């Protein structure tokens, strides 16, 4: 069973703040790998990662069409993990050569929603490049809520991912999930979701993530809650078996 995790952070490679979300993502990946699944983890290549982590560039200048132009990215691989989870990184200095995952003392970076939509789109192209076809994709956190409609409805992705189940996991802590309507209209996903979202003054991206995923979960991380990983694994296995029967 092939499982891919996409997130903005994961301990110990990319940790924001107290590391509550990063630790949860690490533990989930380890749990899935221990079950016997092949688990890939995709992260942005932040500026500090190459300084602290032994990573190797394996593909460069992959073209990604976004808006009215092309924005290239690089793919990096890390070989040092002993947990069974294989980390990959999307490299794009324009968006990820920053000192933190989400923002600074002034709040989220101004291009927060654009940069993580870019990451979501680049990740989907990267899987094709490395030729890893997943049975399940697990999207962690509100920053990656944009990934679910891209996987499920973007014409360029549907065929490759037609037998992949998508799981979206959000947290009660973490970066804001509220996107101003003008910013939302500039995103690719605004053309892929229900047009009624455009009637609002702002858009809750977590709602879109939950609405377009095959299965979604909310973790009450503010109160110390954790993800029930055995339930997630059972749901992944069930969805995989169902889809394999459909596409047999």
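Numbering (the numbering used here), first residue to last: 59 to 306.
Glycine is no exception: its CB is placed at the ideal position from the N, C-alpha and C atoms.
What you are looking at is a predicted structure, and each value in this text was computed from that prediction instead of being measured.
Asked: Rounded separation between residue 286 and residue 236 - CA only; Found: 26 Å
Asked: Cut-off 7 Å between Cβ atoms - residues of its own chain near residue 194, not counting five sequence neighbours on either side; Found: 61, 222, 223, 225, 294, 297 and 298
Asked: Residues bridged to residue 262 (per DSSP); Found: 236
Asked: Beta-carbon spacing of residue 196, residue 64 below 9 Å; Found: yes
Asked: Beta-carbon gap between residue 239 and residue 266 smaller than 9 Å; Found: no
Asked: Cβ neighbour criterion (16 or more within 10 Å) applied to residue 191; Found: exposed
Asked: Helix, strand or coil at residue 2 [DSSP, three-state]; Found: The requested residue 2 is not part of the displayed model; the chain covers only 59 to 306.
Asked: Exposure of residue 152, with buried meaning 16 or more beta-carbon neighbours within 10 Å; Found: exposed
Asked: First through last residue of the alpha helix (DSSP H) which encompasses residue 302; Found: 287-304
Asked: Spatially closest choice to residue 112 from 119, 103 and 118, by CA coordinates; Found: 103
Asked: Buried or exposed (CB count within 10 angstroms, at least 16 for buried), residue 121; Found: exposed
Asked: Minimum length 3: unbroken beta strand (DSSP E) runs contained in the stretch 143-212; Found: 143-149 and 194-198
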